[in-house]
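The opening position of the sequence shown corresponds to residue 1 in the numbering used here, with each subsequent residue numbered one higher. C-beta atoms are modelled at their ideal positions from N, C-alpha and C, and glycine is treated no differently. Given the structure is predicted, the values throughout are model-derived calculations rather than measurements. Report on the structure given below.
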Amino acid sequence: MIKIVLNLFTLAGLALLVACSAEQEVKTAPPLVAVVAHTATVATTTLPRNYHTSGAVSSDHKVAISSRISGYILSINVREGDRVQAGQRLFSVDPVELKQAAAQAKADQRDAAVDLKRYRSLLSDHAVSQQQFDKVFLRFTMARSRVLQAENQLLYAEVRAPVSGVVVEKHGSSGDLAIPGQPLLVLEDPSSLLVETYVSEQFITSIHENDSVNLFIPGLKKTVSGQVRQVVKSANRLSHQFLVKVALAADSGAYPGMFAEVLFVTGERLAVVVPKAALLKRSGLDGIYLLDEHHIAHYRQLRVGARRDGGVEILAGLKAGDQIVWRDDGSLRSGVRVKAQ
């Protein structure tokens, strides 16, 4: 019995010693050190609602050049890519038949002039009637008109540029037969560029002439500004899409034929945007640190959207009212107590 009592006292003493030791450890545990960092409260902001389409850059002023007379091409003075000025000679055609027609017209005019002179003398002597003289005078007038017409036709043997621009197509060479109405060259004015794109019928009511538009041109690796020039309010019967023409700025640097992505603004929407500096990359995934009610940092993964004006749109993982935290050196870790900077 005495041994049992002694054992009980021994166990009680040991328990008391352990409790005192644990209490001493708790009292001597070092407190959490607060880390100074940037903090911000997440709020929603209004962003434009966008609609994406694609199209190709083309010139608003495109001219097909052809000969007005038939004949073999003597020379073509330009090639694709050449810049030409209005009035510059492009090519010339051999006007053999026109020269013959002009020579015949001049010969007829000389004969008519001789007859007119003779009949004028006869009329003064009352040897012919006024009616006979008028017929001869009419013949001379028509002969002179044919000469002028033939001379004007000869001017078409040299084809000149009607406008300033760049040669983008060439369909003939020296020695080829030029046929009236068949294009031999195509000119485009690079200072008047636009993008033709097609818009779905559900968005066409949100797009108006003179609206500002952003266009991304992959070939230039940059975004340029544009303006809606024309909305063709008649849809394609098969695709139910509407043609929209967007004029590019004069300093866009684009060339006809380039691919372009068009970004129309069709309304507004609410979104969450956070500073770009607050985002982190961990194992290829985007994330951010949040503060709890005890000012302790916790890491959370996010799904991000487009970057805009130094901020990043958050598609999933954050909501309005959340408090985010970050350090410029990226040294923040989960479980750290944070003091707002």
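Asked: Among K99, A297, V265, V163, nearest to A278 - alpha-carbon criterion; Found: A297
Asked: For P183: DSSP bridge partner residues; Found: S66
Asked: Beta strand (DSSP E) runs wholly inside the region 192-273, at least 3 long, in chain order; Found: 193-200, 212-217, 222-231, 241-248
Asked: Length-filtered (3 minimum) beta strand (DSSP E) runs lying within the region 272-336; Found: 280-282, 285-291, 297-301, 303-308, 311-316, 323-326
Asked: Boundaries (first-last residue) of the alpha helix (DSSP H) holding N50; Found: Segment 44-59 is the beta strand (DSSP E) holding N50; no alpha helix (DSSP H) there.
Asked: Identity of the residue in D125, S212, V232 nearest T223 by Cα; Found: S212
Asked: Assigned exposure category for Q109 - 16 Cβ within 10 Å defines buried; Found: buried
Asked: Beta-carbon spacing of F137, L123 below 7 angstroms; Found: no
Asked: C-alpha gap between D292 and I207, whole angstroms; Found: 45 angstroms
Asked: Beta-carbon proximity check, L350 vs G305, cutoff 7 angstroms; Found: Residue 350 lies beyond the residue range present for the chain, which begins at 1 and ends at 341; the question has no answer from this structure.
Asked: Inter-residue spacing [alpha-carbon to alpha-carbon] between V63 and V163; Found: 8 angstroms
Asked: Start and end residues, alpha helix (DSSP H) containing Y72; Found: Segment 71-76 is the beta strand (DSSP E) holding Y72; no alpha helix (DSSP H) there.
Asked: Outcome for E209 when other beta-carbon atoms lying within 10 angstroms are tallied against a minimum of 16; Found: exposed
Asked: Own chain partners of L318 with C-beta closer than 6 angstroms, once the 5 adjacent residues on each side are dropped; Found: V42, V272
Asked: With 16 other Cβ atoms within 10 Å as the buried cut-off, status of T197; Found: buried
Asked: Neighbourhood of I65 by C-beta distance below 8 angstroms, restricted to the same chain and skipping five residues each side; Found: L90, V159, A161, P162, P183, L184, L185, V186, L187
Asked: Residues that H343 bridges to, as DSSP identifies them; Found: Because the chain here runs from 1 to 341, residue 343 falls outside it and cannot be looked at.
Asked: Which listed residue (V199, H295, P95) has its alpha carbon closest to that of H240; Found: V199
Asked: Environment of L332 [buried if 16+ CB atoms lie within 10 Å]; Found: buried
Asked: Neighbour-count burial assignment, V168, 16 or more Cβ in a 10 Å radius; Found: buried
Asked: Distance, L285 Cα to G311 Cα; Found: 17 angstroms
Asked: Buried/exposed call for V325, threshold 16 Cβ in 10 Å; Found: buried
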